[in-house]
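K.L.:
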Amino acid sequence: MAFSSKPHCILMFMISFYTLTLFASTLEVSSVAVAEAPGPGSGGDGFIPLAKKHVVIRNVVQNRQTLNVHCKSSDDDLGLIHIPFGNSWGFRFRVNIWESTRFRCHFTWYFGGSHYFDIFSTWRDDNDFGKTPVCKECIWEVGRNNGDEAMCRITQDGSVRYCFTWDDDVLYTLFASVLDVSNAVQEKSTSVSAGVDGYWPLAPKHVIINNTLYSKQTLNVHCKSTEDDLGLIHIPWNQTWGFRFHVNLFKTTKFRCHFTWGIGESHEFNIFTVARDDDNFGDYGVCKLCIWEVGRDNKEKAMCRVNRDDLKHPVCFPWDDIL
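For the sequence shown, numbering that gives the first Met the number 0 begins at 0 and goes up steadily by one.
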């Protein structure tokens, strides 16, 4: 009996594997953001069930800044990707059997704002009866302008462009922390400051991280919230990096950062919490511009929030590493 059950087990495994393939959008992500955009274009590639798709995102933003991209479907979160100007990044997948596959992306860049767009939807990109042709290689140019050509899907030779405006979701903006990430390490801590700037609903915030490591080494920073992953940032000693966002409607916004440097130094800290940084009745005062000096020591002054009105008396905290 034990021997005769083996073919049955193999059959069940094959059925399960095939079913999973049918119902999921199989994903293959290009890991190198700086690869040149591929030669093939998009448009008129034909439609088949469970069609293979290749989405390519090309950075053509007007001000030539690095483009930060965060794409998600109902099944996959592709994480935060940084695409230098003139370069591209892409991912491959199969449309699911229900023809319900959709990938929505969040785009930010320095002095470019925060925008959303459905980079792939079956009704637009895999529909023989749609207004735009079906694409197998779906190449998108991002950010030529913020008007009618914010997002353009191009053909193979680039002669035809199907352009769209942003489809920013106002309701999502109200409930999420909207990010504007500074991608350039550009200013010293003494040129900017933080302090008690007042509080109101959906308050705008600007967090700045200043590398003041006692060892004078490059600081590696990786910050996340429940909605956003800001990626790994390298900040030279005595330089800064920052990001902007709005506190969400429920006042639950929190950004936690992982800091590493040198050989073996690894620490964590909540760089923004509502209870500490956006509470009029808290112990430390509300900040709109929240500047943090990182690593003056590894003890009680590991993290210090600077008050713009009194730079000599920052509020300092130890690391809050989770053991």
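We treat Cβ as the ideally placed atom computed from N, Cα and C, and that holds for glycine.
1. Buried or exposed for Asp-276, please, with buried defined as at least 16 other CB atoms from any protein chain shown within 10 angstroms of its CB.
2. Can you give me the Cβ contacts of His-205 inside the same chain, cut-off strictly under 8 angstroms, excluding the 5 residues immediately before and after it?
3. Can you name the start and end residues of the beta strand (DSSP E) that Val-55 belongs to?
4. Quick check on Phe-254: buried or exposed, where buried means 16 or more other Cβ atoms within 10 Å of its Cβ?
5. Say whether the stretch 88-98 touches the stretch 144-158, bearing in mind that this needs 3 or more beta-carbon pairs closer than 8 angstroms, one atom from each stretch.
6. Starting from Trp-260, trace the beta strand (DSSP E) both ways and give me its first and last residue.
7. Could you tell me whether any Cβ in chain C is nearer than 8 angstroms to the Cβ of Ser-99?
8. In whole angstroms, what is the alpha-carbon distance linking Thr-251 and Lys-223?
9. Going by beta carbon distance, what residues of the same chain come within less than 6 angstroms of Cys-303, once the five residues before and after it are set aside?
10. Sort Thr-239, Leu-201, Asp-228 and Thr-225 by Cα distance to Leu-218 and report the nearest one.
11. Give the straight-line distance between the Cα atoms of Ile-138 and Ile-56, rounded to the nearest whole angstrom.
12. What span of residues does the beta strand (DSSP E) with Thr-239 cover, start to end?
13. Looking at the structure shown, is Asp-167 part of a helix, part of a strand, or coil, going by DSSP?
14. Three-state secondary structure (DSSP) at Trp-88?
15. Which residue marks the beginning of the beta strand (DSSP E) containing Trp-108, and which one marks its end?
16. Compare the Cα-Cα distances from Ile-321 to each of His-257, His-105 and Thr-272 and report the closest residue.
17. Give the DSSP bridge partners of Glu-267, in chain order.
18. Could you give the distance in angstroms between the alpha-carbon of Cys-162 and the alpha-carbon of Leu-229?
19. CB Tyr-115 to CB Asp-76, shorter than 8 angstroms?
20. Give me the Cα-Cα distance between Phe-280 and Ala-301, rounded to the nearest whole angstrom.
21. Going by Cα to Cα distance, which pick from Trp-318, Phe-268 and Asn-58 is closest to Met-150?
22. So which of Thr-272, Val-285, Val-220 and Asp-282 has the shortest CA-CA distance to Gly-261?
23. Cα separation between Phe-271 and Gly-129?
P.N.:
Taking the coordinates as given:
1. Within 10 angstroms of the beta-carbon of Asp-276 lie 16 or more other beta-carbons, which makes it buried.
2. Taking C-beta separations shorter than 8 angstroms and ignoring five residues to either side along the sequence, the partners of His-205 in its chain run Gly-241, Phe-242, Arg-243, Lys-287, Leu-288 and Cys-289, following chain order.
3. Taken as a continuous stretch (DSSP letters only), the beta strand (DSSP E) holding Val-55 covers 51-58.
4. Phe-254 should be labelled buried.
5. Using a C-beta cut-off of 8 angstroms, the stretch 88-98 makes no contact with the stretch 144-158, since fewer than three inter-stretch Cβ pairs fall below that distance.
6. Following the DSSP letters along the chain, one finds Trp-260 inside the beta strand (DSSP E) bounded by residues 253-260.
7. Going by chain labels, chain C is absent from the structure shown, which holds only one protein chain.
8. One C-alpha to the other measures close to 14 angstroms.
9. For Cys-303, where only same-chain residues beyond five positions count, the Cβ hits under 6 angstroms are Glu-292, Pro-313 and Cys-315.
10. It is Thr-239 whose Cα lies nearest to the Cα of Leu-218.
11. One C-alpha to the other measures close to 6 angstroms.
12. Taken as a continuous stretch (DSSP letters only), the beta strand (DSSP E) holding Thr-239 covers 239-245.
13. DSSP places Asp-167 outside both helix and strand once states are collapsed to three, so it counts as coil.
14. Strand, per DSSP.
15. Secondary structure note for Trp-108: its beta strand (DSSP E) is the uninterrupted segment 101-108.
16. Distances from the alpha-carbon of Ile-321 to those of His-257, His-105 and Thr-272 put His-257 closest.
17. The partner list for Glu-267 (beta bridge, DSSP) reads His-257.
18. Approximately 28 angstroms, taken between the alpha carbons.
19. No, they are not a contact pair.
20. In this structure, the straight-line span from the alpha carbon of Phe-280 to that of Ala-301 is close to 25 angstroms.
21. For the residues Trp-318, Phe-268 and Asn-58, the minimum Cα distance to Met-150 belongs to Asn-58.
22. A check of alpha carbon separations from Gly-261 across Thr-272, Val-285, Val-220 and Asp-282 identifies Val-220 as the nearest.
23. Spanning the two alpha carbons is a distance of roughly 45 angstroms.
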